[in-house]
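So the structure is just underneath, and the comments pick up after that.
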Amino acid sequence: MKLDNFRLLVSDFSASLHFWREIVGLSLIFKDQNNTYAYFDAGNTRIEMLDASYFAGYLPSAPTGQGTSTAPRAAIVFQTDDVDATYADLVKRGATPLAPPQVERAGFARIALLAAPDGYVLEIFTTLGKFPKESES
Numbered sequence: 000m001k002l003d004n005f006r007l008l009v010s011d012f013s014a015s016l017h018f019w020r021e022i023v024g025l026s027l028i029f030k031d032q033n034n035t036y037a038y039f040d041a042g043n044t045r046i047e048m049l050d051a052s053y054f055a056g057y058l059p060s061a062p063t064g065q066g067t068s069t070a071p072r073a074a075i076v077f078q079t080d081d082v083d084a085t086y087a088d089l090v091k092r093g094a095t096p097l098a099p100p101q102v103e104r105a106g107f108a109r110i111a112l113l114a115a116p117d118g119y120v121l122e123i124f125t126t127l128g129k130f131p132k133e134s135e136s
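Here's what the structure looks like:
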């Protein structure tokens, strides 16, 4: 198997479309006329955005417990050459900061977190050195 894209199930399609296209700056590949589906170029992968109520129509029944937690539903992670500059630019363009640029606990990357619509988290990072090999951890 090979990762094709990340699918975000969104409750506010317009707000999510604005965030991922206008604030984050992803290139829109396709958007349907009904405003229920969009597909973005995100560099090495794609992000697919689908209206949650539309997607629910494919399920035999809605999963229990959905929407009852305040924990993020997913994190979308992007690598950048300059976390501080990228973070400042995203905040200037309207993104809500969650955690300012900082070295992550293991010391391998500088990261920052921003809020995205529907409880998702946008993480940006720059590596600070070589990550340990699997056998070293």
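The opening position of the sequence shown corresponds to residue 0 in numbering that gives the first Met the number 0, with each subsequent residue numbered one higher. Glycine included, C-beta positions come from ideal geometry on N, C-alpha and C.
Should residue i be labelled buried (16 or more other beta-carbon atoms within 10 Å of its own) or exposed?
{"i": "residue 15", "result": "buried"}
{"i": "residue 3", "result": "exposed"}
{"i": "residue 37", "result": "buried"}
{"i": "residue 65", "result": "Only weak support exists for where residue 65 lies, its pLDDT of 45 falling under 50; the value from the coordinates is given anyway. Exposed."}
{"i": "residue 108", "result": "buried"}
{"i": "residue 81", "result": "exposed"}
DSSP three-state label for residue i, please.
{"i": "residue 77", "result": "strand"}
{"i": "residue 142", "result": "For residue 142 there is no data in the structure shown, the boundaries of the chain being 0 and 136."}
{"i": "residue 87", "result": "helix"}
{"i": "residue 36", "result": "strand"}
{"i": "residue 3", "result": "coil"}
{"i": "residue 120", "result": "strand"}
{"i": "residue 92", "result": "coil"}
{"i": "residue 10", "result": "coil"}
{"i": "residue 111", "result": "strand"}
State the Cα-Cα distance for the pair residue i and residue j, rounded to the nearest angstrom.
{"i": "residue 110", "j": "residue 25", "result": "20 Å"}
{"i": "residue 115", "j": "residue 18", "result": "7 Å"}
{"i": "residue 92", "j": "residue 22", "result": "5 Å"}
{"i": "residue 112", "j": "residue 1", "result": "26 Å"}
{"i": "residue 106", "j": "residue 100", "result": "13 Å"}
{"i": "residue 76", "j": "residue 32", "result": "28 Å"}
{"i": "residue 47", "j": "residue 94", "result": "20 Å"}
{"i": "residue 42", "j": "residue 52", "result": "28 Å"}
Under the assumption that residue i contacts residue j (Cβ atoms under 8 Å), give the Cβ distance between them as a whole number of angstroms.
{"i": "residue 40", "j": "residue 12", "result": "Not a contact, Cβ separation roughly 19 Å."}
Please decide whether residue i counts as near chain D, where near means a Cβ-Cβ distance under 9 Å.
{"i": "residue 85", "result": "Going by chain labels, chain D is absent from the structure shown, which holds only one protein chain."}
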